[in-house]
Amino acid sequence: MSLSVQERVSLKAHNSFAVEVSAREFAEAHNDEQVREALAYASGKGLPLLLLGGGSNLLLTADVEALVLRMVSRGIRVLHDDGEQVLVESEAGEPWHPFVQWTLQRGLVGLENLSLIPGTVGAAPMQNIGAYGVELKDVFAGLTALDRQTGELREFTLSDCAFAYRDSLFKREPGRWVILRVRFALSRTAPLHLDYGPVRQRLSEQGVDVPTAVDVSRAICAVRSEKLPDPAVLGNAGSFFKNPLVSAELAQRLGREYPGLVAYPQADGRVKLAAGWLIERAGWKGFREGDAGVHRLQALVLVNYGQATGLQLLALAQRIQADIVQRFSLELEIEPNVL
Ligand code: EPU
Numbered sequence: 001m002s003l004s005v006q007e008r009v010s011l012k013a014h015n016s017f018a019v020e021v022s023a024r025e026f027a028e029a030h031n032d033e034q035v036r037e038a039l040a041y042a043s044g045k046g047l048p049l050l051l052l053g054g055g056s057n058l059l060l061t062a063d064v065e066a067l068v069l070r071m072v073s074r075g076i077r078v079l080h081d082d083g084e085q086v087l088v089e090s091e092a093g094e095p096w097h098p099f100v101q102w103t104l105q106r107g108l109v110g111l112e113n114l115s116l117i118p119g120t121v122g123a124a125p126m127q128n129i130g131a132y133g134v135e136l137k138d139v140f141a142g143l144t145a146l147d148r149q150t151g152e153l154r155e156f157t158l159s160d161c162a163f164a165y166r167d168s169l170f171k172r173e174p175g176r177w178v179i180l181r182v183r184f185a186l187s188r189t190a191p192l193h194l195d196y197g198p199v200r201q202r203l204s205e206q207g208v209d210v211p212t213a214v215d216v217s218r219a220i221c222a223v224r225s226e227k228l229p230d231p232a233v234l235g236n237a238g239s240f241f242k243n244p245l246v247s248a249e250l251a252q253r254l255g256r257e258y259p260g261l262v263a264y265p266q267a268d269g270r271v272k273l274a275a276g277w278l279i280e281r282a283g284w285k286g287f288r289e290g291d292a293g294v295h296r297l298q299a300l301v302l303v304n305y306g307q308a309t310g311l312q313l314l315a316l317a318q319r320i321q322a323d324i325v326q327r328f329s330l331e332l333e334i335e336p337n338v339l
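Under the UniProt record's numbering, the first residue of the sequence shown is numbered 1, with each subsequent residue one higher.
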């Protein structure tokens, strides 16, 4: 077996909350073969297997009594290029932001709005990552996954993945699929998405009138760095809650009661509310208890100031959820996977 398995390994460096828990066993998969070896090894030992990408969408509340398998497969390739449309494939273990930069350096348009998102390429489809008006599904061209139930490879098209806001088939069938490679439909000429929030304003502040994809990426990196804590400095998992979708009636009632409510009407008649605004309005922004806190610049982000445990962070999240139900009659759904 080429897979190297270690026992009782700290996961602190492998989860962006930097929570100190250990894995009963730990290994890294560089290729498909090692993924298969890990599955066989875990089932031989009667151990569950937990897959890990960058660990940036995860809250660990206890030691993991499993084989934790970190995907570190590397490789990016152009599968097709007709001069305008370009199909790019990346192995699951590639870190996301360097992958985005790889595409931008080659003049490819499509991933610029998703700059600086932590995590890996293989984890991106799980929750259909999104930012600044673009979601993964908008540039998604397919993926290859291993079915843990049958051991077979399967190709997924866009519609197979059932992508929705921070959701996918893979999130709904946890533990079934190992995403091995993801393909992206990029372009040399596609229009840029500049209409979300502060993007256009940031570009004009930077003196850019006719932006390129690289300019947009730079602007988004600047906006993100200002508002969102760098997990290398302050443990966090990005947005801890999803923005809730509510009925038009509730949104109207809340809008009357709370002037300034941030609300985005959806095509289906429902309204998406900015959870960060609600949490700030409820007074939680900057709150800290022990080492668990709510980021002082973005109320949707929970942070670990050092020694917070997963359970302390979860308890804080639950207090916020209860308070939001009481004040606004709506439920906030936790975004990261809680284990
Ligand atoms: N807001 C507040 N107070 C706060 C935070 C936000 O009033 O503390 C208001 C802002 O002023 C703005 C609105 O809420 O009017 C939306 O805020 P922002 O643009 O920061 O985005 P978000 O809705 O809080 C979502 C994603 C982020 C993504 C940004 C930009 C979710 C759960 N989060 O956040 O994704 O980067 O939009 O597109 O949809 C992530 O998923 O981890 C993540 C960071």
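Glycine included, every Cβ here is placed at the ideal spot set by N, Cα and C.
The structure displayed is predicted, hence computed values, not measured ones.
DSSP-derived helix/strand/coil call for P125: Residue mapping note: residue 125 aligns to position 125 of the sequence shown, counting from 1. In this structure, P125 counts as coil in the three-state DSSP scheme.
Rounded C-beta distance between F17 and A237? I'm assuming under 8 Å. Along the sequence shown, one-based indexing puts residue 17 at 17. Along the sequence shown, one-based indexing puts residue 237 at 237. That belief holds up - the Cβ atoms of F17 and A237 are roughly 6 Å apart, short of 8 Å.
Grab me the residues of R202's own chain with a C-beta within less than 7 Å of its C-beta, minus the 5 sequence neighbours each way, in chain order. Taking the sequence shown and counting its residues from 1, one reaches residue 202 at position 202. So the qualifying residues of the chain are A219, A222 and V223.
Taking 8 Å as the cut-off, does the CB of W96 come closer than this to any heavy atom belonging to ligand 1? Position 96 of the sequence shown, counting from 1, holds the residue named residue 96. Flag unset: Cβ of W96 not near ligand 1.
Using only alpha-carbon positions, find the residue among Q105, W96 and P259 that is nearest to I117. In the sequence shown, counting from the first residue as 1, residue 117 sits at position 117. Closest option to I117, Cα to Cα, is W96.
Extent of the continuous alpha helix (DSSP H) to which D323 belongs: Indexing the sequence shown from 1 puts residue 323 at position 323. Taken as a continuous stretch (DSSP letters only), the alpha helix (DSSP H) holding D323 covers G310 to F328.
Within the present structure, is the beta-carbon of K227 separated from the nearest heavy atom of ligand 1 by less than 8 Å? Stepping through the sequence shown from its first residue, residue 227 is reached at position 227. True, at least one ligand heavy atom lies under 8 Å from that Cβ.
Does at least one heavy atom of ligand 1 sit under 8 Å from the Cβ of A166? As a first step, residue 166 is located in the sequence shown; it is residue number 166 there, counting from the start. Per the sequence shown, the amino acid found at residue 166 is Arg instead of Ala. Yes, ligand 1 has a heavy atom inside 8 Å of this Cβ.
Are G130 and L114 closer than 9 Å when you measure CB to CB? Within the sequence shown, the letter at position 130 stands for residue 130. Within the sequence shown, the letter at position 114 stands for residue 114. A contact, by the Cβ cut-off of 9 Å.
According to the neighbour-count rule (16 or more other Cβ atoms, all chains shown, within 10 Å of its Cβ), is K45 buried or exposed? Within the sequence shown, numbered from 1, the residue matching residue 45 stands at position 45. Exposed, since its Cβ has fewer than 16 Cβ neighbours within 10 Å.
Take the Cβ of L297 as the centre, count every other Cβ of all protein chains shown within 10 Å, and call the residue buried at 16 or more, exposed below. Within the sequence shown, the letter at position 297 stands for residue 297. Label assigned to L297: exposed.
Please say whether A66 and E25 have beta carbons closer to each other than 9 Å? Here residue 25 refers to the residue found at position 25 when the sequence shown is read from its first residue. Here residue 66 refers to the residue found at position 66 when the sequence shown is read from its first residue. The answer is yes: Cβ separation under 9 Å.
Which residue from G290, V5 and S22 puts its Cα closest to that of L11? As a working note, residue 11 is residue 11 in the sequence shown. Residue S22 is the option with its Cα nearest to L11.
Under the criterion of a Cβ to heavy atom distance below 8 Å, does R224 qualify as lining ligand 1? Looking up residue 224 in the sequence shown gives position 224. Yes, since a heavy atom of ligand 1 falls inside the 8 Å radius drawn around the Cβ of R224.
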